[in-house]
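Novice: The sequence shown begins at 176 in the working numbering and counts up one residue at a time. All C-beta atoms in this analysis are idealised placements derived from N, C-alpha and C, irrespective of residue type, glycine included. Only a predicted model underlies this, so the values are computations on that prediction, with no experimental measurement involved. Just passing along the structure, written as structure tokens.
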Amino acid sequence: MGYRLLPAADAFWRPSNQMGVLNTDLGKQLGAATLGARLWRLAPGQASTRHRHAAQHELYVVLEGRGRVRVAGDLLTLEPLSALYVEADSLRQLFNDTDADALWLVVGAPPEAANTLEMTPDQLAHLYPDGPKALPPELS
């Protein structure tokens, strides 16, 4: 079959391991082998991990709400349907310092395993220089 469909009602949502942010792994549920894709719903006061990747470049699209993100040292605010491309080695962190949910679509390639339990201390320190649970200054 040349396509796979995941109806919204069938998507499996769960809190992320590190920060408790509700997300659904679209790539995994659709059997995508060449890219990763997730929806992330950040409630007010939530943030993703401040991280970088070894090889995965990512496209971030704000679907609902106002998107706040820090890439390297730059603080960005994205309106709905705005898109941001971040290269693998650039530090980035999504966060929500507003009073409404923000829904993000994050697509990356090539796909990259993110199981922190299988990483060496050096790998963890490179990918998460502040640790996997650091909040941005706006939420500290």
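#1: Is it the case that the Cβ atoms of Ala229 and Val282 are separated by a distance below 9 Å?
#2: Using three-state DSSP, classify Thr269 as helix, strand or coil.
#3: Give the DSSP-derived three-state secondary structure of Thr291 in the structure shown.
#4: Return the CA-CA distance between Met176 and Thr209, expressed in angstroms with no decimal places.
#5: Over the uninterrupted beta strand (DSSP E) stretch that includes Leu201, give me the two end residues.
#6: Using 9 Å as the threshold, is the C-beta distance between Arg243 and Leu253 below it?
Specialist: In short:
#1: No, they are not a contact pair.
#2: According to the sequence provided, residue 269 is Leu. The question's Thr does not apply to it. Strand.
#3: Helix.
#4: C-alpha separation (whole angstroms): 16 Å.
#5: Element bounds for Leu201: not the beta strand (DSSP E) but the alpha helix (DSSP H), Leu201 to Leu205.
#6: Result yes, Cβ atoms of Arg243 and Leu253 sit closer than 9 Å.
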